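Undergrad:
Residue numbers (this note's numbering): 1 to 1173.
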């Protein structure tokens, strides 16, 4: 039920949007804000629910535009009475305060507060001397727009005489209520008129019911000074009014024809031309509606600009009948569909109505549905209608009376309405392009933005091909800036109206810009990017170190990339072959980076154009550097963002009920796998074989793809009917497709979805089934080894032996794969059992040569070789049959020198087993659900949420650091939870109704069900809870950690791998229960859970880094050590300018290993074991 609140103390400079901002987070319906003004600066706000009103009342004492306001419960009756009182004051010209009081006066601005003084001279009325009158009026919010608009409301009429005299002092005029609109047609404001008794000679008039408050309008008719009226003979009945040339036709719904009026306070702001009556005056609540006198109205001059509406978002198949059905009950004159340069419908149309009232009613149906699409509506002018090929309403069009259109007065009205003051014309031109250039400058774009998102943002607008420019920074990520050029002025203006609208979760700024200005900004952005790249190690853009930038540092490439892969990536570019190097760490593991020197600067620039192009499925970042910088990078490779969980996934595809495209036979389907590379572009990764004459194919060829846990990988599966031998699919029939993320597939292991020919259009009954399987060899080799009779190598003791295992690479070189521990002073050592991945140990090749070195350890690194032997896994496995396998340890030099040399000892393989080593994907695809929980810091150290300095303060784009962290991490994790219901808690705040401090309160204030639907649900719960709680303290982590630990403990009792828990804590870092938190983390390390801490703000995060445990095992106060590392801490400030996925990659990088380490610690296999390879 709607509830009304009365606000007092509103400053004169405040408008409806200021009131809405004051009540942000609460639901106020469109048209629910009514500014009355007056001596107390009053307004009435209608809230959608009791709960919204209750929360709104809690904000009493807050400030709007620096003025403290108070809130009182009210009612609709009181609101209507106050609005009516305000209206009567305006109509009668009575002021509540002295003239010139800023709290009084009719609204004269659509952009100001709507309350100002209105001095008006009125010669020729009851007072012969000029009189200044101030009035008070109410301002109502337009239901068409949420902008601050000042509106004028017409009065209701109790009765109307059949005729009246032009002499306002004559007793022949009887009015139940003052009729301002009738007076307004005389270009004047009358003085107060006392009630006059009804003459007995007049026949009684039929009763007319009181009219409700009429609809708001976009402008207020001004009241200029007029000359005294000369007496005229008694006026004949209404039907003869047009014969009086000195007076305009009587129309209570139309304001007087006047010239431009300066808007804003004290004449500031853009001029407001109100010569054309607003269509709002002819709304359904107009007093003339019940009188059924539309016919006389048609003879009155009406602005033709009030008859047209622009529709966008129409289905491309929409017809004129669909549009007329949508506007059923309204007078639609004609419909004109707009088309692109190829003559195809572009989803836009112009509609002409018979009357402004029809137009006004039509606008109320904004965002209604035609077919399966929501339709946006905006008013347009007759000029735009004519530009589209329509017929002018003044040239015989329906809905306007020709006679009225040809009168001098009407011509004057239209001329006056279209004219503007010089400042008005300049301001109008400031939002229009120069020289037919329709370019816009975008700010606030998401960092992961692609062309497709910009097309969707400007849906159905005609964008010039290849005109979208997205600015990227030196890290290869979008900077939030962009440019778009449109094909015509109409679409350009619609685009500008999208200013501060949402793209995803961000507000987008849309600014006009000339093409020259656009190119200048693009040039600045490019120079800024090049300057950042050239500034590495303190160098400048001009060469920095020594020499020109003829070298390149290539990063963000796969860790297993080879030199050959990089050379193919740089194909066609001349370089020094010996300079091309793939960087590795001390253990020979790839770093995902490469360096290269080119033969000239021109060749280097060619390579730079490959920036963000795919190298083995990843976006390669190509940065040009000098030769000295390249050498420095080779010596000290820069660290990568985070170790990634990368593995190969095998996708099996089958389809059912495919569309039959062949005549006389069935389709010959093939499935192709594509991956998004950004900018609405896709690259092909793999494709299946073609199966002839089959509508239910099951493809035998598997599709392979690299899988990254930290990234959202968008895939597209396309099924085609292949009728030729060409590799190109452009000439083959499309049978349907599916778009999804790889995370959705691997978390479900198997999904079945309907095929679509395009978004929203199913491909018949066709479906596609995708099954995911990790192809990484999950086997390990487990060895138990001892030695006997080793040579003595130390002068004053025995040997300190250890073993090293090497495998032979493809190039014939030996690569170290494992080293055992050192056993001090022992010639008969027995090493600990150890486990090595079979793929690492022998590349899963049982017959690959394995070389073993037995050496004596020396602290100076000059280890002495004891002996060597060679074998392979097949021979080692014989040890598992019950008897050990023995190898002679041979020293090559001793064997050559001594004829009777036998060995330097023997090495015995006591046990060799090949076992399964389950990976993160084995557990996830085996049925393990990752349960995501959020804990948000609501302590006082964050600052007042209403202050821009607060960490909880909402920026213009509706975000803060807390929300950014939730979005970033939640969007990745949610794919691994089937029901997507996430518990969300807050801590450190006083919560309603008793405002006691709580350290684990649910954001939805429902302790029995703290779950939120998806990441969006968490965001909405946070935004709803923020204005209801009082930030307090202290900052205690242990309660919420213990809360999740209790749930994880219950899951651990099941002794299976079905549940794992991830707790995300977002805090400003001022922890107060460090000792209790340490104990909670140590206890939780034995449970199936991980803790991610994101620190926001600029606080000292030493306590968080201590909890992370990266510098050593975390211990409790009693000395108990954590069983495993379960905490990952990341400061948000390190990712403030990075794309949001970078934060997710960093904080989630350790989760896969943490999950595996827990189940491996307890020797728990996946719920559903993967098939043996």
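For glycine and all other residues, C-beta sits at the position ideal for the given N, C-alpha and C.
The structure displayed is predicted, hence computed values, not measured ones.
What does DSSP give as the partner residue(s) for residue 886 in the beta ladder?
TA: Here residue 886 is taken as the residue at index 886 of the chain shown, counted from 1. Bridge partners of residue 886: 908.
Undergrad: Tell me the rounded alpha-carbon separation between residue 707 and residue 921.
TA: Residue 707 sits at position 707 when you count from the first residue of the chain shown. Residue 921 sits at position 921 when you count from the first residue of the chain shown. Spanning the two alpha carbons is a distance of roughly 10 Å.
Undergrad: Report yes if the CB atom of residue 1176 is closer than 8 Å to the CB atom of residue 1144, and no otherwise.
TA: Any question about residue 1176 goes unanswered here, given that the chain covers just 1 to 1173.
Undergrad: Taking 8 Å as the CB-CB limit, is residue 790 close to chain D?
TA: In the displayed structure, chain D is absent; only one protein chain is listed.
Undergrad: Counting only the same chain and skipping the five closest in sequence on each side, list residues whose C-beta sits under 7 Å from that of residue 467.
TA: As a first step, residue 467 must be located in the chain shown, where it is residue number 467. Excluding positions up to five away in sequence, the list reads 484 and 485.
Undergrad: What residue does the alpha helix (DSSP H) around residue 1024 start on, and which one ends it?
TA: The sequence position of residue 1024 within the chain shown is 1024, counting from 1. Residues 1014 to 1025.
Undergrad: Measuring only the C-alpha atoms, how far is residue 1027 from residue 55?
TA: Locating residue 1027 in the chain shown gives position 1027, where the first residue counts as 1. Locating residue 55 in the chain shown gives position 55, where the first residue counts as 1. C-alpha separation (whole angstroms): 8 Å.
Undergrad: Tell me whether the beta-carbon of residue 610 lies closer than 8 Å to the beta-carbon of residue 594.
TA: Within the chain shown, residue 610 is the residue found at index 610, counting from 1. Within the chain shown, residue 594 is the residue found at index 594, counting from 1. Going by C-beta atoms, residue 610 is not nearer than 8 Å to residue 594.
Undergrad: Among residues of its own chain, excluding the 5 on either side of residue 696, which ones have a beta-carbon nearer than 6 Å to its beta-carbon?
TA: Start at 1 with the first residue of the chain shown, and residue 696 comes out as number 696. If we look at residue 696 and ignore the five residues flanking it on each side, its Cβ neighbours are 656.
Undergrad: Where residue 18 and residue 65 are concerned, what is the direct C-alpha to C-alpha distance, given to the nearest angstrom?
TA: Here residue 18 corresponds to residue number 18 of the chain shown, with the count starting at 1. Here residue 65 corresponds to residue number 65 of the chain shown, with the count starting at 1. If I take the Cα positions, the gap works out to 8 Å.
Undergrad: What runs of the beta strand (DSSP E), each 3 residues or longer, lie entirely inside the region 686 to 711?
TA: 703 to 708
Undergrad: For residue 586, which residues from the same chain have a beta carbon less than 7 Å from its beta carbon, with the 5 sequence-adjacent residues on both sides left out?
TA: Translated into positions along the chain shown, residue 586 becomes position 586. None.
Undergrad: From the DSSP output, in three-state form, read off residue 448 for me.
TA: Here the question's residue 448 lines up with position 448 in the chain shown. Reduced to three states, the DSSP call for residue 448 is coil.
Undergrad: Spatial neighbours of residue 380 within its chain, please: CB distance less than 7 Å, with the 5 preceding and 5 following residues excluded, ordered by chain position.
TA: For the purposes of this step, residue 380 is taken as the residue at position 380 of the chain shown. These residues qualify, in order along the chain: 308, 309, 310 and 350.
Undergrad: For the beta strand (DSSP E) that residue 6 lies in, which residues bound it at each end?
TA: As a first step, residue 6 is located in the chain shown; it is residue number 6 there, counting from the start. First-last of the beta strand (DSSP E) with residue 6: 3 to 8.
Undergrad: Taking all protein chains shown into account, do 16 or more other C-beta atoms lie within 10 angstroms of the C-beta of residue 1179, making it buried, or fewer, making it exposed?
TA: In this structure the chain extends from 1 to 1173, so residue 1179 is not present and cannot be described.
Undergrad: Does DSSP put residue 375 in a helix, a strand or coil?
TA: As a first step, residue 375 is located in the chain shown; it is residue number 375 there, counting from the start. Three-state DSSP puts residue 375 in coil, outside helix and strand.
Undergrad: At what residue ranges does the region 1064 to 1151 contain a whole run of the alpha helix (DSSP H), taking only runs of 4 or more?
TA: 1074 to 1084, 1102 to 1108 and 1140 to 1148
Undergrad: Count the other CB atoms within 10 Å of the CB of residue 876; is the residue buried (16 or more) or exposed (fewer)?
TA: Counting from one through the chain shown, the residue named residue 876 turns up at place 876. With a 10 Å radius around the Cβ and a threshold of 16 neighbouring Cβ atoms, residue 876 comes out buried.
Undergrad: Using three-state DSSP, classify residue 413 as helix, strand or coil.
TA: Working through the chain shown from its first residue, we reach residue 413 at position 413. Because the pLDDT of residue 413 is 38, which lies under 50, any placement of that residue in the model is unreliable, and the number read from its coordinates should be weighed accordingly. Residue state, collapsed to three classes: helix.
Undergrad: Is there contact here, the region 1008 to 1021 with the region 1050 to 1064, by at least three beta-carbon pairs under 8 Å?
TA: no
Undergrad: Can you give the Cα-Cα distance for residue 660 and residue 335, rounded to whole angstroms?
TA: In the chain shown, the residue the question calls residue 660 occupies position 660. In the chain shown, the residue the question calls residue 335 occupies position 335. Distance between the alpha carbons of residue 660 and residue 335: 38 Å.
Undergrad: At a cut of 8 Å, does the region 797 to 805 reach the region 816 to 823 through at least three beta carbon pairs?
TA: Output reads yes: the region 816 to 823 touches the region 797 to 805.
Undergrad: According to DSSP, is residue 1000 part of a helix, a strand, or is it coil?
TA: Taking the first residue of the chain shown as 1, we reach residue 1000 at position 1000. Of the three classes helix, strand and coil, the one that applies to residue 1000 here is coil, per DSSP.
Undergrad: Check whether the Cβ atoms of residue 1184 and residue 358 sit closer than 8 Å, and answer yes or no.
TA: Outside the modelled stretch of the chain, which goes from 1 to 1173, sits residue 1184, for which no answer is possible.
Undergrad: List the residues that DSSP assigns as beta-bridge partners of residue 682.
TA: Within the chain shown, residue 682 is the residue found at index 682, counting from 1. DSSP, once it has assigned bridges, lists 676 as partnering residue 682.
Undergrad: DSSP beta-bridge partners for residue 508?
TA: To locate residue 508, count along the chain shown from 1; it is residue 508. The partner list for residue 508 (beta bridge, DSSP) reads 501.
Undergrad: Between the region 996 to 1013 and the region 947 to 967, can you find at least three pairs of beta-carbon atoms closer than 8 Å?
TA: They do not touch, by the three-pair rule.
Undergrad: Give a yes or no on whether the C-beta atoms belonging to residue 1105 and residue 1129 are separated by under 8 Å.
TA: Stepping through the chain shown from its first residue, residue 1105 is reached at position 1105. Stepping through the chain shown from its first residue, residue 1129 is reached at position 1129. With contacts defined as CB atoms closer than 8 Å, residue 1105 and residue 1129 qualify as a contacting pair.
Undergrad: Could you check whether residue 1081 and residue 1178 sit closer than 8 Å to each other, using their CB atoms as the reference points?
TA: The structure shown does not extend to residue 1178, since the chain is modelled only from 1 to 1173, so the question has no answer here.
Undergrad: Does the pairing of the region 781 to 793 with the region 853 to 864 give three or more beta-carbon distances under 8 Å?
TA: Because the criterion of three Cβ pairs below 8 Å is met, the region 781 to 793 and the region 853 to 864 touch.
Undergrad: Using a Cβ-Cβ cutoff of less than 6 Å, which residues in the same chain neighbour residue 654 once the five nearest sequence positions on both sides are dropped?
TA: Along the chain shown, read from residue 1 onward, the residue named residue 654 stands at position 654. Correct list, in chain order: 698 and 769.
Undergrad: When you measure from the CB of residue 619 to every non-hydrogen atom of the ligand GTP, does any distance come out below 7 Å?
TA: The model depicted lacks the ligand GTP and carries no ligand whatsoever.
Undergrad: Please say whether residue 8 and residue 31 have beta carbons closer to each other than 8 Å?
TA: Along the chain shown, read from residue 1 onward, the residue named residue 31 stands at position 31. Along the chain shown, read from residue 1 onward, the residue named residue 8 stands at position 8. No, Cβ-Cβ distance for residue 31 and residue 8 is not below 8 Å.
Undergrad: Of the residues 797, 724 and 631, which one's Cα is nearest the Cα of residue 1174?
TA: Absent from the model: residue 1174. The displayed extent of the chain is 1 to 1173, so no value can be given.
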